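Notes follow once the structure below has been shown.
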Amino acid sequence: MTVLINKPGTEIAGAATVGAVDAAVPAHAARRPFGALLRAYVALTKPRVIELLLITTLPAMFLAAGGLPPLGTVLATLAFGTMSAGAANAINCYIDRDIDAKMRRTRRRPLARAQVTPTEALTFGIVLAAASTAGFALTVNAAAAALSAGAIAYYVFVYSLLLKRRTSQNVVWGGIAGCMPVLIGWAAVTGSLAWTPFVLFMVVFLWTPPHTWTLAMRYREDYAVAKVPMLPVVATERRVVLESLAYTWATVLCSLALWPVAQMSVVYGAVAVVLGAVLLAEGHRLLRGVRAGLAGVKLRPMRFFHLSNAYLALLFAAVAFDPLLF
6 MTVLINKPGT EIAGAATVGA VDAAVPAHAA RRPFGALLRA YVALTKPRVI
56 ELLLITTLPA MFLAAGGLPP LGTVLATLAF GTMSAGAANA INCYIDRDID
106 AKMRRTRRRP LARAQVTPTE ALTFGIVLAA ASTAGFALTV NAAAAALSAG
156 AIAYYVFVYS LLLKRRTSQN VVWGGIAGCM PVLIGWAAVT GSLAWTPFVL
206 FMVVFLWTPP HTWTLAMRYR EDYAVAKVPM LPVVATERRV VLESLAYTWA
256 TVLCSLALWP VAQMSVVYGA VAVVLGAVLL AEGHRLLRGV RAGLAGVKLR
306 PMRFFHLSNA YLALLFAAVA FDPLLF
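Each residue of the sequence shown is one higher than the one before, counting from 6 in the numbering used here.
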């Protein structure tokens, strides 16, 4: 765990733009070196995105267990969770291959560079999806398997196909898929869900829009060229910053709500307060910059983006360590 106006050539099948990308795949693609092909398949899974997802999965498991969860369950959940996220990302690469070829930030992805064919990418994603769902069902439990399959389906059909190219709120509702690892991790340990994992879910849900929008502020022209209606493409910077700040406040308040709901210690509470204060200070810095007339790179939106990464990682580290301390 954001789209624009419909445009010609965005459909999966029969689109002129996608067809042009497909036509760019070299006829000699089958004779690629094994090492290069392996790296291309790994790149399809977007490992950096998977890292972020696993950062939220493991702490949810520690919190669910009230300490150390069974090692076998942890290893299986992380392995099949990686496959599940990789499946969704690979299929997303297949769907977005026309967009990726247009954007500087993504034009080095495997499909944009014709390192794999669209059919190979789609097949790889489907195989990973089936394998991860079966793996969860056979080695963890049915609840985790169902949540994993649901996350893949939501990311592919709701976010990638329905929302991304149609609304500036794409990452708000599409971000639900990125929150699912929290529920999967909890269900892997307990076999069910409770209020606590849903509070964790909401922390990630509320954190996602400002995190993504500040990145999109940096790459606004990229998204505009690809006709992806991210909020920074279709709205003023003032509106983007104000909405980002509102979500940031909601994120911090939700992280504090976890303290009593999950009966966390004062250690977690102190960490949540300090981290929240730092993130809010950075959000208000952006607002002051907009009010002072700064725009574009002069606002330094990537400072917030990188800080929000650190915020989530450290907050969830506190979630994991708190049950070990008390």
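Ideal Cβ positions, reconstructed from N, Cα and C, are used throughout, including at glycine. Just so you know, these numbers come straight off a predicted model, no measurement behind them.
- C-alpha of V132 to C-alpha of M207: approximately 30 angstroms in a straight line.
- Excluding sequence positions up to five before and after L284, its CB lies within less than 7 angstroms of the CB of T253, V257, L312, S313 and Y316, all in the same chain and listed in chain order.
- The beta carbon of T217 sits closer than 6 angstroms to the beta carbons of V176 from its chain, once the five residues preceding and following it are set aside; these are given in chain order.
- Remark: C-beta atoms of D327 and V272 approach each other more closely than 7 angstroms.
- A check of alpha carbon separations from T128 across A84, A325, L42 and A92 identifies A92 as the nearest.
- Note that the C-beta distance between T82 and V209 is not below 7 angstroms.
- With a cutoff of 7 angstroms on beta-carbon distance, A106 and R112 are scored as near each other.
- For R37, the three-state secondary structure derived from DSSP is coil.
- The residue among H289, Y160 and V230 with its C-alpha nearest the C-alpha of A90 is Y160.
- In chain order, P306, M307 and F310 place their CB closer than 8 angstroms to the CB of L220, counting only its own chain and leaving out the 5 sequence neighbours on each side.
- Approximately 3 angstroms separates the beta-carbon atoms of A95 and G130; this is inside 8 angstroms, confirming the contact.
- A distance below 8 angstroms between beta-carbons, with the five flanking residues on each side excluded, links V145 to the following residues of its chain, in chain order: T78, A81, T82, F85 and A193.
- A297 and L57 have their alpha carbons spaced roughly 34 angstroms apart.
- The region 152-171 makes no contact with the region 38-55; the number of CB pairs closer than 8 angstroms stays below 3.
- M108 sits in coil when the DSSP states are folded into three classes, being neither helix nor strand.
- Burial state of R293 is exposed, judged by a 10 Å Cβ sphere holding fewer than 16 other Cβ atoms.
- Going by DSSP, T87 is part of the alpha helix (DSSP H) stretching over L76 to I100.
- Between the alpha carbons of S165 and A240 lies a distance of about 21 angstroms.
- Q268 is classed as exposed because its beta carbon has fewer than 16 other beta carbons within 10 Å across all chains shown.
- Contact between G288 and S249 holds: CB atoms are separated by about 6 angstroms, below the 8 angstroms threshold.
- Annotated three-state conformation of V233 is coil, per DSSP.
- Burial is judged here by how many other beta carbons sit within 10 angstroms of a residue's own beta carbon; L76 has fewer than 16 and is exposed.
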